[in-house]
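Visitor: Got a structure here, written out as structure tokens. Questions coming.
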Amino acid sequence: MTDSRQEGTRLVVDLLNVDGNSARLTVHWAGGSQEVGISLARNSQVTFEIPEQGNPLAEVGVSLELRDAEDRVYQSQILTVVEPVRLPDHPLLALNQADINTLLPRYQSEGRASNVLGSLVGACAQRLPEPVEVPLVGGAWSALYSCPVHGATLTYLSDIEHQCPVDEVIYTGSPYNEVVISIRHRDYAHQAFDHGVAWILTGNIQHARRVRDILDGYALAYPNYDLHDKHGGSGPSSAKVFPQTLDEAEWLIELARGWDLIRGSGVSSEEQRQRIQNDLFAASADLIAGHEVGIHNIQCWHNSAILLANLLAQRFPEARKAIHGDVGLLKQMEEGVLSDGLWHEGSFGYHFYAIRGLLPALQAIRRIEHTLDYSSLVEMLKSPYAAMLPPGTLPLLNDGGEQDFTNSLSEVYEQGVGLFTSNPELATPLLIWGRGNTVESILYGPKNLKNWEWEDLESGVFGESGISVMHSGSPQQRSTALVDYGPHGSGHGHPDKLGLTLWLEGQPVFVEAGSIGYGTGLYRGWYKRTLAHNLLVRDGVNQEECAGELVRFESDQGTSTTVVKTSAAYPGSTLARLSHLTETGVMADLLRVESTEEHIYDYVLHGAGTATLSIPTNPGNLLYGGPYRYIKDVVEADVNTDFEVVFKTDVGSQTLHVMGEVGTRVYLGRAPGHPAGSDHPVLIVRRRTQNTSFASVVTSGTELRAGVSLALSTDGKTLELALPSQAEAVSLPLEMPAP
Numbered sequence: 076m077t078d079s080r081q082e083g084t085r086l087v088v089d090l091l092n093v094d095g096n097s098a099r100l101t102v103h104w105a106g107g108s109q110e111v112g113i114s115l116a117r118n119s120q121v122t123f124e125i126p127e128q129g130n131p132l133a134e135v136g137v138s139l140e141l142r143d144a145e146d147r148v149y150q151s152q153i154l155t156v157v158e159p160v161r162l163p164d165h166p167l168l169a170l171n172q173a174d175i176n177t178l179l180p181r182y183q184s185e186g187r188a189s190n191v192l193g194s195l196v197g198a199c200a201q202r203l204p205e206p207v208e209v210p211l212v213g214g215a216w217s218a219l220y221s222c223p224v225h226g227a228t229l230t231y232l233s234d235i236e237h238q239c240p241v242d243e244v245i246y247t248g249s250p251y252n253e254v255v256i257s258i259r260h261r262d263y264a265h266q267a268f269d270h271g272v273a274w275i276l277t278g279n280i281q282h283a284r285r286v287r288d289i290l291d292g293y294a295l296a297y298p299n300y301d302l303h304d305k306h307g308g309s310g311p312s313s314a315k316v317f318p319q320t321l322d323e324a325e326w327l328i329e330l331a332r333g334w335d336l337i338r339g340s341g342v343s344s345e346e347q348r349q350r351i352q353n354d355l356f357a358a359s360a361d362l363i364a365g366h367e368v369g370i371h372n373i374q375c376w377h378n379s380a381i382l383l384a385n386l387l388a389q390r391f392p393e394a395r396k397a398i399h400g401d402v403g404l405l406k407q408m409e410e411g412v413l414s415d416g417l418w419h420e421g422s423f424g425y426h427f428y429a430i431r432g433l434l435p436a437l438q439a440i441r442r443i444e445h446t447l448d449y450s451s452l453v454e455m456l457k458s459p460y461a462a463m464l465p466p467g468t469l470p471l472l473n474d475g476g477e478q479d480f481t482n483s484l485s486e487v488y489e490q491g492v493g494l495f496t497s498n499p500e501l502a503t504p505l506l507i508w509g510r511g512n513t514v515e516s517i518l519y520g521p522k523n524l525k526n527w528e529w530e531d532l533e534s535g536v537f538g539e540s541g542i543s544v545m546h547s548g549s550p551q552q553r554s555t556a557l558v559d560y561g562p563h564g565s566g567h568g569h570p571d572k573l574g575l576t577l578w579l580e581g582q583p584v585f586v587e588a589g590s591i592g593y594g595t596g597l598y599r600g601w602y603k604r605t606l607a608h609n610l611l612v613r614d615g616v617n618q619e620e621c622a623g624e625l626v627r628f629e630s631d632q633g634t635s636t637t638v639v640k641t642s643a644a645y646p647g648s649t650l651a652r653l654s655h656l657t658e659t660g661v662m663a664d665l666l667r668v669e670s671t672e673e674h675i676y677d678y679v680l681h682g683a684g685t686a687t688l689s690i691p692t693n694p695g696n697l698l699y700g701g702p703y704r705y706i707k708d709v710v711e712a713d714v715n716t717d718f719e720v721v722f723k724t725d726v727g728s729q730t731l732h733v734m735g736e737v738g739t740r741v742y743l744g745r746a747p748g749h750p751a752g753s754d755h756p757v758l759i760v761r762r763r764t765q766n767t768s769f770a771s772v773v774t775s776g777t778e779l780r781a782g783v784s785l786a787l788s789t790d791g792k793t794l795e796l797a798l799p800s801q802a803e804a805v806s807l808p809l810e811m812p813a814p
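This is the structure:
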């Protein structure tokens, strides 16, 4: 035996007959064995059909024995093959026959499903007369399609004209024109899936032919695309159709699902099928598999693409590796999901981006009936709900886009409920805000939801992620304070230890800027800087990448206190923060710093709407460069006593009362915000000192709520908060006295 390998559903053994004698080859696997005679020719090949044992993609142990005519063993070998997935002559990976049987009546009736699917079919029908013209070159990084000044996504006017939505300046040339090519590639991938669904729903063969034409067009073009990365080079993340393997994976998933949906339509020749399987699916899957990125949201998308493409190309060992390999789907869920249910990159945006990357694979795994425990996804779906802000969104921690339970996340929860029918609590966002209205919501969500009584949000701590969440008030007038003290968050982390997000009585008070497109200087120059967060900045520079620690968390009858600290953010300085939210929507904040040397400290708070100071001001100069240069319309004032700031939006106002200290300078300006192109007020309270305490209290309204006041102990380590509902002030120490 010179070689043995798996090719599709068969075990192939190459043989060399060196003496010309007769021999027999026996293969043993669980449940039986097969024996064949060996050709007397010098070179020969023997194939065995791998048996079905009821668990597609499971590993199957195999032993081979080569014996002579006297039954003596010439040679033996032990190896492992992978049980094949027998693809029927109809869809299986994106939808199976049972799915289709329930989907068709919903499409043909009235209601949400019919409306969504009818819109898809109508759009596809309008597109049918258009020719399929697959671009012959790869595209550029989509993050570059943003205004270099404001960071806002450009508006497409034509293939050579691209307009900033903020100041309406038109940009031309590179890289914007090349990004349009990426948009075309992405659109063709979406078309492949959409027309595949339209074929299933209508039986109109033209939809299947369009899917075939798109995929065959890419199969012909793919070998000729040049490798390129998002910076114009040829780094490890290089791809062909797109400038990075992540985009290539998203694109390949849609193509694979579209192809699966038209299998059995009879529109493709054998030559086309082989070309699509080999030159497109296998080639692209191998390219993506060559760029492993460890436990990462990108690898979740990689694995789904590799799995689907290799299943369709009948390459089962490669498909299994996408699930069980060193960076496979199981490893992502075992090591990427923390004990508190959140994704390890410290961002709600990337938490759900990782889930979205996993879902195409999990949908296919369920349909091929591969045995796999992926129940950790249940906790991934349940845990973020506890951090929900009053409008139904999640905090903009670190990188990643805004996540909205009322809109964009409904599709994810539809799929979650569909995958985990025994966990009706996953339907909570859908029962509160309504069903999803995307195609995926209809295809992969249940027809009806089980009744589930919503349990109101509770305050608590995401221990391993390092996030404290405090809630008070009714759902209609919710107050929420969130303190981020946990791990940095790897490449998507921000230097924001002890950062605060605050909403009072349903309105934003202290906001996070989040992040914008990665292709702009504004992203790294502002959004990824300490100054863009609600915390303390030392000497105008970024914090070190680090994790803080939780000192204590207390919560009782709607009133909560969080104390966190770090000595690693700024070496030589210890920062501690106490955040206290009352059941009546009053928020007190104490940020204490103790240092070995004198420094300049900025207490930074980013508000919403407009802001008015209670003290007279003059045009100001922040004195620093770097991220400070992005703050505009700066005014300043020197103040030794307490002062107030009123933040006002179209829907409400909040009053911030800041305790004074001799030698304090106050700045008020406007800073870049979220979404890109917007701005918001930012307050900076500056002191040059070795040790100091910044203390403040905020309530709703155009003036501080009557009866609310603050006092600070002489050592600066304990707040005394007076409330109108209590006879005595509440003592809030940073450090609890020893028992």
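Residue 794 in the numbering used here sits at position 719 of the sequence shown, with consecutive numbering throughout. Each residue gets a CB set at the ideal place from its N, CA and C atoms; glycine is no exception.
Is Gln150 near Ser79, with beta carbons less than 8 Å apart?
Guide: Taking the first residue of the sequence shown as 1, we reach residue 150 at position 75. Taking the first residue of the sequence shown as 1, we reach residue 79 at position 4. No. Outside cutoff.
Visitor: Can you list, in chain order, the residues of its chain whose CB lies under 7 Å from that of Trp326, leaving out five sequence neighbours each side?
Guide: In the sequence shown, the residue the question calls residue 326 occupies position 251. Result list for Trp326: His260, Arg261, Ala264, Val316 and Phe317, in chain order.
Visitor: What is the DSSP secondary structure of Asn766, counted as helix, strand or coil?
Guide: Here residue 766 is taken as the residue at index 691 of the sequence shown, counted from 1. Of the three classes helix, strand and coil, the one that applies to Asn766 here is strand, per DSSP.
Visitor: Of the choices Gln407, Asn473, Gly623 and Gln765, whose alpha-carbon is the least far from that of Glu673?
Guide: Start at 1 with the first residue of the sequence shown, and residue 673 comes out as number 598. Answer by Cα proximity: Gln765.
Visitor: Touch check for the region 540-554 and the region 458-469: three-plus C-beta pairs under 8 Å?
Guide: Contact holds: three or more Cβ-Cβ distances are below 8 Å.
Visitor: Please name the residue, chosen from Leu577, Ala200, Gly735 and Ile337, that lies closest to Ala683 on a Cα-to-Cα basis.
Guide: For the purposes of this step, residue 683 is identified with residue 608 of the sequence shown, where counting begins at 1. Sorting Leu577, Ala200, Gly735 and Ile337 by C-alpha distance to the C-alpha of Ala683 places Leu577 at the top.
Visitor: Grab me the residues of Asp291's own chain with a C-beta within less than 7 Å of its C-beta, minus the 5 sequence neighbours each way, in chain order.
Guide: The residue given as residue 291 occupies position 216 in the sequence shown. These residues qualify, in order along the chain: Gln347, Arg350 and Ile351.
Visitor: Alpha carbon to alpha carbon, how far is Val638 from Gly574?
Guide: Residue mapping note: residue 638 aligns to position 563 of the sequence shown, counting from 1. Residue mapping note: residue 574 aligns to position 499 of the sequence shown, counting from 1. Answer to the nearest angstrom: the Cα atoms are 12 Å apart.
Visitor: For Leu665, which residues does DSSP report across the bridge?
Guide: For this step, residue 665 is matched to residue 590 along the sequence shown. In DSSP, Leu665 forms a bridge with Leu653 and Ala770.
Visitor: Assign Glu778 to one of three DSSP states: helix, strand, or coil.
Guide: For the purposes of this step, residue 778 is identified with residue 703 of the sequence shown, where counting begins at 1. Three-state DSSP puts Glu778 in coil, outside helix and strand.
Visitor: Can you give, in chain order, each stretch of the alpha helix (DSSP H) that sits fully within the region 303-351 and has at least 4 residues?
Guide: 320-337 and 345-350
Visitor: Assuming Ile113 contacts Ser97 under a Cβ cut-off of 8 Å, what Cβ separation, rounded to an integer in Å, is found between them?
Guide: Here residue 113 corresponds to residue number 38 of the sequence shown, with the count starting at 1. Here residue 97 corresponds to residue number 22 of the sequence shown, with the count starting at 1. Correct: roughly 7 Å between the Cβ atoms.
Visitor: Just the Cα atoms here: how many angstroms apart are Val626 and Lys640?
Guide: As a first step, residue 626 is located in the sequence shown; it is residue number 551 there, counting from the start. As a first step, residue 640 is located in the sequence shown; it is residue number 565 there, counting from the start. Between the alpha carbons of Val626 and Lys640 lies a gap of roughly 7 Å.
Visitor: Would you identify the three-state DSSP class for Tyr560, choosing helix, strand or coil?
Guide: Counting from one through the sequence shown, the residue named residue 560 turns up at place 485. Tyr560: coil per DSSP, three-state reduction.
Visitor: For the beta strand (DSSP E) containing Phe537, list its first residue and its last residue.
Guide: Here the question's residue 537 lines up with position 462 in the sequence shown. That run of the beta strand (DSSP E) goes Gly535 to Phe537.
Visitor: Does the structure place the region 527-541 close enough to the region 209-217 that three or more beta carbon pairs sit under 8 Å?
Guide: Not touching, per the Cβ criterion.
Visitor: Out of Pro435, Asp479, Phe722 and Val102, which one is the CA nearest neighbour of Val757?
Guide: Translated into the one-based positions of the sequence shown, residue 757 becomes position 682. Nearest option by C-alpha distance: Phe722.
Visitor: Where do the ends of the beta strand (DSSP E) carrying Asn176 lie?
Guide: As a first step, residue 176 is located in the sequence shown; it is residue number 101 there, counting from the start. No beta strand (DSSP E) holds Asn176; the alpha helix (DSSP H) holding it covers Gln172 to Gln183.
Visitor: Determine, using beta carbons only, whether Ala439 and Leu192 come nearer to each other than 8 Å.
Guide: Within the sequence shown, the letter at position 364 stands for residue 439. Within the sequence shown, the letter at position 117 stands for residue 192. It is not a contact, given that the beta carbons lie outside the stated cut-off.
Visitor: With distances taken from CA atoms, which of His749, Tyr246, Arg667 and Asp708 is nearest Asp790?
Guide: Position 715 of the sequence shown, counted from the first residue, corresponds to residue 790. Ranking His749, Tyr246, Arg667 and Asp708 by Cα distance to Asp790 puts Arg667 first.
Visitor: Evaluate contact between the region 619-634 and the region 244-260, counting only Cβ atoms and requiring at least three cross-stretch pairs below 8 Å.
Guide: no
Visitor: At a cut-off of 7 Å, would you count Ser771 as near the ligand SAH, judging by its Cβ distance to the nearest heavy atom?
Guide: Of the ligands one can find in the structure shown there are none, so the ligand SAH has no counterpart to examine.
Visitor: Could you compute how far the alpha carbon of Pro799 sits from the alpha carbon of Gly782?
Guide: The sequence position of residue 799 within the sequence shown is 724, counting from 1. The sequence position of residue 782 within the sequence shown is 707, counting from 1. Pairing Pro799 with Gly782, the inter-Cα distance amounts to about 5 Å.
Visitor: Taking the Cβ atom as the reference point for each residue, do Gln478 and Gly424 lie within a distance shorter than 8 Å?
Guide: Counted from its first residue, the sequence shown places residue 478 at position 403. Counted from its first residue, the sequence shown places residue 424 at position 349. The answer is yes: Cβ separation under 8 Å.
Visitor: For Thr605, which residues in the same chain have their Cβ closer than 6 Å to its Cβ, ignoring the five residues on either side in sequence?
Guide: Here the question's residue 605 lines up with position 530 in the sequence shown. Result list for Thr605: Pro570, Val612, Asn617 and Gln618, in chain order.
Visitor: Would you call the region 201-208 in contact with the region 230-245, where contact means no fewer than 3 C-beta pairs closer than 8 Å?
Guide: no
Visitor: Taking three-plus beta-carbon pairs below 8 Å as touching, is the region 448-460 in contact with the region 400-409?
Guide: yes
Visitor: Short of 7 Å in beta carbon distance, which residues of its chain neighbour Gly37, apart from the five on each side in sequence? Order them along the chain.
Guide: The chain is shown only over 76 to 814; residue 37 falls outside these bounds and no answer can be derived.
Visitor: Do you know how far the Cα of Leu597 is from the Cα of His755?
Guide: The residue you call residue 755 lines up with position 680 of the sequence shown. The residue you call residue 597 lines up with position 522 of the sequence shown. Near 15 Å, if we compare the C-alpha coordinates of Leu597 and His755.
Visitor: For Leu195 and Gln201, I'd like the C-alpha separation in whole angstroms.
Guide: Along the sequence shown, one-based indexing puts residue 195 at 120. Along the sequence shown, one-based indexing puts residue 201 at 126. Leu195 and Gln201: Cα-Cα distance of roughly 10 Å.
Visitor: By alpha-carbon positions, which one of Thr177, Arg99, Arg187 and Asp164 ends up nearest to Glu145?
Guide: On the sequence shown, position 70 is the one that residue 145 refers to. When each option's Cα is compared against that of Glu145, the closest is Arg99.
Visitor: Mind pulling the beta strand (DSSP E) runs of 3 or more residues that sit fully within the region 689-762?
Guide: Within the region 689-762, the complete beta strand (DSSP E) segments of 3 residues or longer fall at 707-714, 718-724, 727-733 and 739-747, listed in chain order.
Visitor: Taking the alpha-carbon of Ser753 as reference, which of Ile591, Leu437, Gln128 and Ser654 has the nearest alpha-carbon?
Guide: One-based indexing of the sequence shown puts residue 753 at position 678. Minimum Cα distance to Ser753 is reached at Ile591.
Visitor: Hey, which unbroken runs of the beta strand (DSSP E) at 3 residues or more fall wholly within the region 503-549?
Guide: 535-537 and 542-547
Visitor: Under the assumption that Trp529 contacts Leu501 (Cβ atoms under 8 Å), give the Cβ distance between them as a whole number of angstroms.
Guide: By one-based count along the sequence shown, residue 529 stands at place 454. By one-based count along the sequence shown, residue 501 stands at place 426. 12 Å between Cβ atoms; not a contact.
Visitor: How would you write the range of the beta strand (DSSP E) that Ala98 sits in, first residue to last?
Guide: Along the sequence shown, one-based indexing puts residue 98 at 23. Counting along the chain, the beta strand (DSSP E) containing Ala98 begins and ends at Ala98 to Trp104.
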